[in-house]
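Protein chains: 2
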Amino acid sequence: MTRSSISSFMAGTDRTRTPVLGGPRVILVEPQLSENVGAVARAMLNCGLDRMSLVNPRDGWPNDKALAMASGATAVLDTIEVFATPEEAVADITNLYATTARPRELTVRVMTPREAAADMRAAVARGEEIGVLFGPERSGLTNDHVALADTVISVPLNPAYTSLNLAQAVLLVAYEWFTSGDTTPPDTLSMSGTRMAEKQELMDLFDRLETELDGGGFFRAPDLRPSVMRNLMSMLQRARLTDQEVRTFHGMISALSRSWQNTQNAKRRRGELDD
Amino acid sequence: MTRSSISSFMAGTDRTRTPVLGGPRVILVEPQLSENVGAVARAMLNCGLDRMSLVNPRDGWPNDKALAMASGATAVLDTIEVFATPEEAVADITNLYATTARPRELTVRVMTPREAAADMRAAVARGEEIGVLFGPERSGLTNDHVALADTVISVPLNPAYTSLNLAQAVLLVAYEWFTSGDTTPPDTLSMSGTRMAEKQELMDLFDRLETELDGGGFFRAPDLRPSVMRNLMSMLQRARLTDQEVRTFHGMISALSRSWQNTQNAKRRRGELDD
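Chains as they are written, first to last, in this note's numbering: chain A, 1 to 275; chain B, 276 to 550.
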């Protein structure tokens with residue numbers, strides 16, 4: 001799969017900003033494909049992780065294919081330490097997580113990536129050194145690897161289809177790490193140089209609208225006029241207008257009534273209407 | 276990047292279970308690489324989404340490369356409808372989301388994928404037809420596409436590095452959809468054929484341990500014995516033992532005391548100890 005540099009899905013790339021970094025060390029046990037090491041580096045940097053260890057990588061290290069695939073995230077590759085065994089790679093870690101399916105033979109604590117992220121944040125706040133083990137692409141971690149860990153991370157996915165590649169598994173765990181510390185407002189209105197309209201601006205708009213609609217004969221049943229106006233107000237307030245949009249709406253009212261007048265005048269000129 | 280079928284990161288593949296399906300339609304606008312269409316199909320099925328539409332795919336449709344990449348998720352490709360324009364693709368949708376960076380020129384509602392997933396669940400519960408637009412790999416959605424949507428989904432990521440490929444963007448949005456409806460316990464103990472130990476079993480173990488330790492001369496300062504025992508109890512209870520592990524612990528105590536007795540007997544036989 002070709003990777004392309006798409007900033008368009010994200011909250012906006014700003015390379016002048018300091019990268020958000022820190023968090024768990026990502027430890028790849030016996031990765032088979034160097035391209036995947038590069039892809040993992042990208043997924044990590046997406047989510048503010050920048051420390052990777054490799055245990056006995058099949059293609060050796062350093063490796064040109066990984067470098068090519070990591071384009072833009074080579075800083076992560078620069079942090080890589082290579083170890084001969086998982087035991088050496090985790091020696092200085094106090095909180096170790098292992099990503100794997102729910103183990104059938106071990107009695108071990110199992111967390112979702114979201115719960116694990118909260119657990120990691122708490123561990124980091126206590127000053128602990130944390131790491132996450134990811135197994136080889138096809139076979140995954142063995143029970144011997146899992147036995148080194150404090151906690152298993154198991155990603156809840158469609159039970160009928162759980163095929164996920166290494167970089168995607170890292171992405172989901174790292175994404176939960178990132179979002180657990182992210183303060184992006186979950187639901188917001190993107191506004192540039194504008195602000196939410198205040199009630200007075202809206203009430204002035206509704207007054208103007210009612211006057212012009214009345215002039216155009218909109219309220220055919222006078223007794224229904226209050227409820228019709230309430231429904232219009234409700235509809236327009238549901239849109240959460242900005243001050244700029246209130247001005248635009250005033251302009252639309254003017255243009256529409258001019259349009260009507262222009263049509264009337266044209267008809268008058270053509271003698272289709274009495275003066 | 277080569278994809279491999281790794282069930283080892285997930286909560287366990289069980290192909291006899293009915294796939295979890297439903298949720299928003301995924302609409303790819305002008306996808307450039309057929310491989311990405313296949314990769315998107317896999318990411319969707321991972322997260323229980325199974326309806327895809329294509330708008331003007333560069334390589335046409337159907338396409339062998341997409342089919343090869345979708346291995347195992349071809350059922351999603353079978354649902355694909357192809358449209359000439361985004362307007363045609365979204366015609367019957369009532370709640371449309373557009374994945375893009377925070378738009379600079381439009382005043383539009385922007386949600387994180389997590390908030391959008393909750394919003395989608397609510398819409399589905401109301402019986403509404405929902406869809407998510409994803410733009411072409413390099414350029415992303417245009418403002419004209421975004422203007423068709425009710426809500427923008429913007430993925431919060433490391434602002435210094437937001438390069439994400441199409442399938443990964445789909446994966447994150449679909450993962451949030453899946454987890455918003457998932458009931459996996461966030462933190463659990465994986466146990467096979469065992470159960471948590473009851474307090475009586477633990478208290479019996481602690482009594483036995485205290486007796487054997489006493490016999491071995493462990494409590495050198497009798498006045499500290501109560502606090503030493505409390506600390507041992509605290510340590511062992513922190514491990515949250517199962518009933519099986521309590522039995523194992525009893526066996527360890529027996530073996531260790533036998534080991535000491537065997538050593539004593541051997542020394543006695545060698546005349547190193549008085550009778």
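Don't be surprised by glycine CBs; every beta carbon is placed ideally from N, CA and C.
Item: Whole angstroms is fine: what's the gap from A:Ala-147's alpha carbon to B:Val-330's?; Value: 48 Å
Item: For my contact list, B:Thr-382 and B:Glu-404 are in at a C-beta cut-off of 8 Å; report their separation, rounded to the angstrom.; Value: Not quite, the Cβ-Cβ distance comes to about 25 Å (not below 8 Å), so this is no contact.
Item: Quick one: is A:Glu-128 near chain B, going by C-beta distance under 9 Å?; Value: no
Item: Rank B:Leu-531, B:Gln-475, B:Asn-540 by C-alpha distance to the C-alpha of B:Met-508 and give the top, closest one.; Value: B:Gln-475
Item: Among the candidates B:Ala-442, B:Asn-433, B:Glu-451, whose CA atom is the shortest distance from the CA of B:Arg-389?; Value: B:Glu-451
Item: Quick one: what's A:Ala-98 bridged to in DSSP?; Value: A:Leu-133, A:Val-152
Item: Tell me the residue span of the beta strand (DSSP E) that contains A:Val-90.; Value: Neither: A:Val-90 is in no beta strand (DSSP E) and is coded neither H nor E.
Item: Is the distance from the Cβ of B:Leu-416 to the Cβ of B:Ala-373 below 9 Å?; Value: yes
Item: By the DSSP assignment, the alpha helix (DSSP H) with A:Leu-54 in it spans what residues?; Value: Element bounds for A:Leu-54: not the alpha helix (DSSP H) but the beta strand (DSSP E), 52 to 55.
Item: Tell me the DSSP secondary structure of A:Thr-184 in three-state form.; Value: coil
Item: Identify the residues that DSSP records as bridge partners of A:Val-110: which are they?; Value: A:Val-152, B:Thr-463
Item: From A:Asn-165, A:Ala-123, A:Ala-75, A:Phe-83, pick the residue whose C-alpha is nearest to that of B:Ala-435; which is it?; Value: A:Ala-75
Item: Quick one, which residues of the stretch 145 to 176 of chain A are near chain B if we go by CB-CB under 8 Å, in chain order?; Value: Val-152, Ser-154, Val-155, Pro-156, Leu-157, Asn-158, Pro-159, Ala-160, Tyr-161, Thr-162, Ser-163, Leu-164, Asn-165, Leu-166, Ala-167, Gln-168, Ala-169, Leu-171, Leu-172, Tyr-175
Item: What three-state label does DSSP hand B:Thr-349 in the structure shown?; Value: helix
Item: Please return the same chain residues whose Cβ sits closer than 8 Å to the Cβ of A:Met-191, not counting the five positions on each side in sequence.; Value: Thr-242
Item: Of all Cβ atoms in chain B, is any one closer than 9 Å to the Cβ of A:Ser-192?; Value: yes
Item: Say whether chain B places a C-beta atom closer than 9 Å to the C-beta of A:Thr-263.; Value: no
Item: Select from the stretch 24 to 53 of chain A all residues with a C-beta closer than 7 Å to any C-beta belonging to chain B, and list them in chain order.; Value: Leu-33, Glu-35, Asn-36, Ala-39, Arg-42, Leu-45, Asn-46, Cys-47, Gly-48
Item: Indicate whether at least one CB of chain A lies closer than 9 Å to the CB of B:Gly-347.; Value: yes
Item: What are the boundary residues of the alpha helix (DSSP H) that includes B:Arg-300?; Value: Taken as a continuous stretch (DSSP letters only), B:Arg-300 belongs to no alpha helix (DSSP H), being part of the beta strand (DSSP E) at 300 to 304.
Item: Measure how close the beta-carbons of B:Pro-411 and B:Glu-520 come, nearest whole angstrom, since I'm counting them as under 8 Å.; Value: Not quite, the Cβ-Cβ distance comes to about 55 Å (not below 8 Å), so this is no contact.
Item: Can you confirm whether B:Trp-384, when its beta carbon is compared against all beta carbons of chain A, has any partner nearer than 9 Å?; Value: The residue asked about is misnamed: residue 384 of chain B is Arg in this sequence, not Trp. Yes, because at least one Cβ of chain A sits closer than 9 Å to the Cβ of B:Arg-384.
Item: Helix, strand or coil for A:Phe-83 per DSSP?; Value: strand
Item: So, at 6 Å on beta carbons, what are the nonlocal neighbours of A:Leu-256 in its own chain, with the 5 sequence-adjacent residues on each side left out?; Value: none
Item: Just by C-beta distance, which residues in the stretch 452 to 485 of chain B are closer than 7 Å to chain A?; Value: Phe-453, Thr-454, Asp-457, Thr-459, Pro-461, Asp-462, Thr-463, Leu-464, Ser-465, Met-466, Ser-467, Thr-469
Item: Judging by CA-CA distance, which residue of B:Glu-547, B:Gln-443, B:Gly-491 is the nearest neighbour of B:Ile-528?; Value: B:Gly-491
Item: Alpha carbon to alpha carbon, what distance is there between B:Gln-307 and B:Ala-376?; Value: 19 Å
Item: Taking one C-beta from the stretch 35 to 42 of chain A and one from the stretch 58 to 76 of chain A each time, how about it: are there three or more such pairs within less than 8 Å?; Value: yes
Item: A:Leu-96 versus chain B: which residues are under 8 Å apart at the beta carbon?; Value: Within chain B, no residue comes near A:Leu-96; the closest Cβ sits about 16 Å away, beyond 8 Å.
Item: Taking all protein chains shown into account, do 16 or more other C-beta atoms lie within 10 angstroms of the C-beta of B:Asp-556, making it buried, or fewer, making it exposed?; Value: No answer is possible for residue 556 of chain B: the residues shown for chain B start at 276 and end at 550.
Item: Since B:Ser-328 and B:Glu-356 are thought to touch, with beta carbons under 8 Å apart, how far apart are those beta carbons, to the nearest angstrom?; Value: 5 Å
Item: Taking the alpha helix (DSSP H) that B:Gly-490 belongs to, which residues open and close that run?; Value: 474 to 490
Item: With DSSP collapsed to three states, give me the class of A:Thr-179.; Value: helix
Item: Could you tell me whether the Cβ of A:Asp-119 comes closer than 9 Å to any Cβ of chain B?; Value: yes
Item: Run the CB neighbour count on B:Arg-300, radius 10 Å, all protein chains shown included, and call it buried at 16 or more, exposed below.; Value: buried
Item: For B:Asn-402 and B:Arg-326, I'd like the C-alpha separation in whole angstroms.; Value: It should be noted that the sequence gives Gly, not Asn, for residue 402 of chain B. Each residue's Cα considered, the two are about 16 Å apart.
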